[in-house]
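Structure first, then comments.
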Amino acid sequence: AFSYFSHLANIAEDRHHIRRNRAHMLAGSAPRGGTLAFAIGRVIAAGIESRQLRTWFDTALISPVLTAHPTEVQRKSTMTHEMAVADLLEERDRHDLTEEERDELVDKLHRAVVTLWQTSLLRRTTLTVLDEVANGLSYYDYTFLQEVPQLHLSLEDELAKIDPSPLDTDVGTFLRMGSWIGGDRDGNPFVTAEVLRDTARMHANTALRFYLEELHTLGAELSLSTRVVTVSDALAELADRSPDTSPHRVDEPYRRAISGIFARVAATLASIDGHAVTPAPVGKSLPYHSAYELKVDLDIIHKSLCEHGSRILALGRLRRLRRAIDCFGFHLASIDLRQNSAVHERTVAELLEVATPGIGYTALAENRRVELLAGELATPRPLVSPLLAYSAETRAELAIFRQAVDARTAHGENIVRTSIISMAVNVSDLLELALLLKEVGLVSADGRSDIDIVPLFETIDDLRGCAAVMDAVLTLPVYRKLVASRGDVQEVMLGYSDSNKDGGFVTSGWELYKAEIELIEVFRRHRVRMRLFHGRGGSVGRGGGPSYDAILAQPGGAIGGQIRITEQGEVISSKYSRAEVGRRNLETLVAATVEASLLEPERKAPSETYLLAMEELSHDAFVAYRALVYDTPGFEDYFWASTVIDEIASLNIGSRPASRARTRRIEDLRAIPWVFSWAQCRLMLPGWYGFGSAVQAYLARLSDEGLERLRSMYRDWPFFRTLLSNMDMVLSKTSVPIASRYANLVTDERLREAIFPRVVAERALSIEMLLRITGQTRLLEGNPLLERSIRNRFPYLDPLNHVQVELLKQHRANEADEQVLRGIQLTINGISAGLRNSG
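Going letter by letter, the sequence shown gives residues 11 to 849 in my numbering.
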């Protein structure tokens, strides 16, 4: 019951936010921060003209990237029922309901809740990768297919209010969806070439079926008769080519033209999955070779309507469909490939060894590796021979890249545009991937690259070295040519999760900020446009928190109209399972990017004093965090005993193993279950630990002067303010009484007493220092809405933790049956839903 309450509370809370936003708009109030209208108003007020804005959007790229991670514990079935509850709550807000209609709605709502209550929250089987793909694609039906195109149209309408002259000029497509699901091989052996092939087909299937639904409705709408209107010659020709020869529609050229387009889209879909389409097309037709061909046909309809007295009809469903094709093509969303640099290294080493026995690539120094790889990249000769034998790992890696080539041929080049190198450290990591891509034709010896090569810098040391790596690789002529072929744009991904696990919350945030500043300068010198890809999680411990504040807190020059950002875990369902909520989150992302990019002169760079203060805080926080997590004897044992990390593996919530290696070392544990486990026991340690000690040490050195400086940083520096705001939210969700019950699961009393009191003391110190800097008298004093939401949840959340602890005791005492394990899984589900950003 408490688990279901958390789910229902989320629905009610989302509905309340929607209700407040609509009331604000209906009252005619000024646009609020985070909306397109607010962002554009600020930009125009700063002296930027509408035409300049249009030009900016033509080259901008804003890309939310969905990932499959084992913190999204919700089943698709429960999500469907929850959406039904949300829809009924929306209908219940109508002011014109009769008493009878209201009573009927209450009955429907009762039935929907009972259905949800009697539906299992848990999966009985482990998810496969393709299950994860299907789950991810469901958000396109819920939100993206409608709201992404509509956001572009809303922007055009906002710009038209300012300058109505370029009515027929579409704004460039700037919001493009991405996905790791089905392409992320890092640590997931179940992502294969066949999985990538099937994922690409599922993407195309989703896009094409949406177009068919829209075309079917559009055909019903455009019943215009030549007895009443005239049409263009191009439209008449398009109608005449249609297989629709019904005498009932002989005078309805728009309907006949759409029937022909429908038949071609149906043929395109059949060529992908071989399934029949319902309703069936009026006749056989040839498939489209590209989304561009489909767009050209729809443009003929649009132009004819506009030129023959029916412009208003062109601005409804047809306009939305044309924009949808711009946004989604036949690929729906780009699938990123990702693999660990160590796997690329082994694959390249084997290819070189087989081609030139005795070369000993892995024993070479970095400078010799770079020299060798650069030479191979400039040589047209392939390394791979069909006559030679290779290991299973090498064959699998090459098969993935070959499948990427096939997918681009079948579904368009946007289906795979990016290949990411996780745990990138050196220049050779980028060149190794380039060489593998060259073997399948995605990179050529003359300097052409068909996809982006993206290093992912993850650990604290890697963040500190990433600017030097990028400087060195952009200096290499052979690599610089590849970047030039990509429009002089180079993407760099920064990892928030592993850097946090490595160095703690404060140091991770600061090293990411410094890395961006250094990268900005490197890219400026090389005259290359930088696109940052932020690998943020759902929780603050993995870089999460409000996207709007996070983007505006980036250093000046870091955005520049180019940003990609991961959407992970339970954050995906909370943001995008309902269209209106999804629209608001997408709009906020775009608005923040616009403001951060175009209002840069208004953003003051932090003073040297602020930077030095932050460096000191980071150093001391790093020391405190590492002392606990990596230098305290027995800490690993404490973590495994006092959290649900072992039990998470049984939850059937993801296809990827929780650890990179089969050890209990913190270093080998993935950041996702690390953070998720601390959230379940209500300590949320990765989101705050070390801050209190760092500030205390800083104040001990500078006393009142130091406190005033930190307060000034909080007032004037968005980065520092966002850092503390996120920590404020995390600490408000912690509970020492609850956490103590988990600590008591540690049977070694000496180990327990050596660690738990230390953590509790640091928490108290962190809260004290946070309040002294912000001037608050309690946590979340400055955010009463969130404070009330959390306060109202605790009476239902706390019992779940108490039950979880008792069930863990039984499970670990070997007294558990299937019902006990199911109970543990239910509590994990409920606590995750109640916290909302636990992973």
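Ideal Cβ positions, reconstructed from N, Cα and C, are used throughout, including at glycine.
Three-state secondary structure (DSSP) of residue i
| i | result |
| --- | --- |
| GLN128 | coil |
| THR81 | The predicted position of THR81 is uncertain, since its pLDDT is 49 and thus under 50; a value taken from the coordinates is nonetheless stated next. Here THR81 sits in coil by DSSP. |
| ASP97 | helix |
| VAL550 | Here the model assigns VAL550 a pLDDT of 44, short of 50, so the residue's position is not dependable, and the following value carries that caveat. DSSP places VAL550 in helix when its eight states are reduced to three. |
| GLY849 | Note on GLY849: pLDDT 45, under 50, position unreliable in the model; the coordinate value appears next. DSSP places GLY849 in coil when its eight states are reduced to three. |
| ILE282 | helix |
| GLN564 | coil |
| PRO257 | helix |
| ASN350 | strand |
| GLN690 | helix |
| ALA11 | coil |
| LEU755 | coil |
| ILE834 | helix |
| ARG541 | strand |
| MET187 | coil |
| THR576 | strand |
| VAL75 | strand |
| PHE340 | coil |
| THR138 | coil |
Residue i and residue j closer than 8 Å at C-beta
| i | j | result |
| --- | --- | --- |
| LEU817 | GLY833 | yes |
| GLY193 | ARG348 | yes |
| GLN690 | MET779 | no |
| THR357 | THR389 | no |
| SER242 | GLU303 | no |
| HIS421 | HIS341 | yes |
| VAL851 | LEU504 | As shown, the chain starts at 11 and ends at 849. That puts residue 851 outside it, with no answer to give. |
| TYR14 | LEU126 | yes |
| ILE470 | ASP498 | no |
| HIS91 | THR129 | yes |
Supposed close pair residue i, residue j - CB separation, criterion 8 Å
| i | j | result |
| --- | --- | --- |
| GLY451 | VAL415 | 6 Å |
| ASP254 | ARG266 | 5 Å |
| ARG410 | ARG418 | In the sequence on display, residue 410 carries Ile and not Arg. That pair is no contact at about 13 Å. |
| LEU599 | ILE72 | 6 Å |
| ASP692 | ILE748 | Note on residue identity: the sequence assigns Arg, not Asp, to residue 692. About 4 Å; that satisfies the 8 Å criterion. |
| LEU245 | ILE310 | 6 Å |
| GLY566 | GLU610 | 5 Å |
| GLY229 | ARG251 | About 16 Å; that fails the 8 Å criterion. |
| ILE21 | VAL591 | At roughly 10 Å, the Cβ-Cβ gap does not stay under 8 Å, so ILE21 and VAL591 are not in contact. |
| LEU18 | ASN839 | With a Cβ gap of about 13 Å, LEU18 and ASN839 do not count as contacting. |
Nearest residue (CA-CA) to residue i, options the options
| i | options | result |
| --- | --- | --- |
| THR837 | GLN564, VAL813 and GLU355 | VAL813 |
| LYS86 | SER314, ALA774, ARG134 and ALA823 | ARG134 |
| ILE582 | LEU98, GLU59, GLY188 and TRP66 | GLY188 |
| ASN215 | VAL287, LYS171, LEU562 and ALA246 | VAL287 |
| LEU169 | TYR14, ARG61, ASP151 and VAL124 | ARG61 |
| ASP559 | PHE730, ARG534, GLY567 and GLY339 | PHE730 |
| ILE345 | ARG762, VAL143 and GLU111 | VAL143 |
| ARG680 | ARG333, SER509 and GLY840 | SER509 |
| LEU595 | LEU608, SER628, PRO556 and ASP167 | Going by the sequence as given, residue 595 is Asn instead of Leu. The option with the nearest alpha carbon to ASN595 is PRO556. |
| PRO696 | LEU608, THR153, ARG332 and VAL516 | VAL516 |
| PHE184 | ARG64, LEU446, ARG539 and LEU325 | ARG64 |
| PRO41 | GLU597, HIS105 and ALA19 | GLU597 |
| GLU231 | GLU677, ALA324 and ALA210 | ALA324 |
| SER842 | GLU797, VAL685 and SER164 | VAL685 |
| LYS305 | ARG211, ILE268, VAL292 and SER320 | ILE268 |
| TYR150 | TYR221, ASP106 and GLU111 | TYR221 |
| VAL238 | GLU360, GLU262 and ALA434 | GLU262 |
| GLU360 | ILE569, GLY570 and LEU408 | LEU408 |
| ARG541 | GLU521, ARG535 and ILE575 | ILE575 |
| ALA290 | ALA273, MET212 and ASP678 | ALA273 |
| ARG534 | SER518, ALA563 and ALA568 | ALA568 |
Any non-hydrogen atom of the ligand NAD within 7 Å of residue i CB
| i | result |
| --- | --- |
| ASP106 | You won't find the ligand NAD in this model; it holds no ligand whatsoever. |
Whether or not the stretch 273-283 and the stretch 294-301 are in contact is what I'm after, with contact meaning three or more pairs of Cβ atoms, one per stretch, closer than 8 Å; do they touch?
At 8 Å Cβ cutoff, the stretches touch.
query: Is it true that the stretch 475-494 meets the stretch 638-657, where meeting means three or more beta-carbon pairs spaced less than 8 Å apart?
result: No, they do not touch.
Counting pairs of beta carbons, one from the stretch 525-534 and one from the stretch 696-716, are three or more of them closer than 8 Å?
These segments do not touch.
Does the stretch 725-742 come close enough to the stretch 784-802 that 3 or more CB-CB pairs lie under 8 Å?
Yes: the two stretches touch, three or more of their Cβ pairs being nearer than 8 Å.
Practice prompt. Inspect the CB distances between the stretch 427-434 and the stretch 461-468 and report whether three or more fall short of 8 Å.
Written response: At 8 Å Cβ cutoff, the stretches touch.
- Quick one: any contact between the stretch 156-163 and the stretch 319-336, if contact means 3 or more CB pairs under 8 Å? Taking 8 Å as the limit for Cβ pairs, the verdict is that the stretch 319-336 does touch the stretch 156-163.
Worksheet entry | Inter-stretch contact (C-beta, 8 Å, three-pair minimum) for the stretch 600-609 and the stretch 88-108 | No, the stretch 600-609 does not touch the stretch 88-108.
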